[in-house]
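Residue numbers (this note's numbering): 698 to 827. Read the structure below first, then the notes.
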């Protein structure tokens with residue numbers, strides 16, 4: 698009887714920790730989200746556009762004016778480096794040659810905010826836009 702009580706107590710104590718765990722790794726724009734230093738970044742692929750959205754730790758948009766970023770995209774068995782330029786608000790955007798339908802897209806981003814050191818994030822996507 699004591700063992701089952703102990704097990705129940707352990708389950709109750711660990712439940713709140715899992716309830717506060719970081720939510721799904723999908724950002725508000727529908728792309729995968731990852732941590733990059735003090736930021737959350739989300740990458741979205743639409744056609745040949747590569748868009749990187751930047752938010753702070755509280756998921757508030759961060760102005761990316763003056764920021765520099767680069768995405769290394771592995772798609773269709775080819776690696777491309779794509780310069781990402783500020784595109785208004787919290788978005789940086791660039792163009793890649795993604796071609797038609799493709800699976801297993803991998804993206805590594807390097808983001809440098811003004812006056813700060815570069816931070817990286819890695820993403821694996823089933824196909825463009827997801």
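Beta carbons are placed, not taken as given, at the ideal position from N, Cα and C, and that holds for glycine.
Non-local C-beta neighbours of residue 746 in its own chain, meaning closer than 7 angstroms and more than five positions away in sequence, comprise 790, 792, ordered along the chain. Burial check for residue 811: the Cβ neighbour count within 10 Å stays below 16, so the residue is exposed. Counting C-beta atoms within 10 angstroms of its own C-beta, residue 728 has 16 or more neighbours from the protein chains shown and is therefore classed as buried. Checking the DSSP bridge columns, you'll see residue 780 partnered with 767. Close CB contacts of residue 819 within its chain, under the 6 angstroms cut and outside five residues either way in sequence, are with 805 (chain order).
Selection 748, 759, 743 evaluated against residue 736 yields 759 as nearest (Cα-Cα).
Nearest to residue 780 by C-alpha distance, out of 723, 808, 801, is 808. Around the beta carbon of residue 766, a 10 Å sphere encloses 16 or more other beta carbons of the protein chains shown; the residue is thus reported as buried. Take residue 782, set aside five residues on each side of it, and the residues of its chain with a beta-carbon closer than 7 angstroms to its own are 789, 790, 791, in chain order. Around the C-beta of residue 739, 16 or more other C-beta atoms lie within 10 Å, and the residue is accordingly described as buried.
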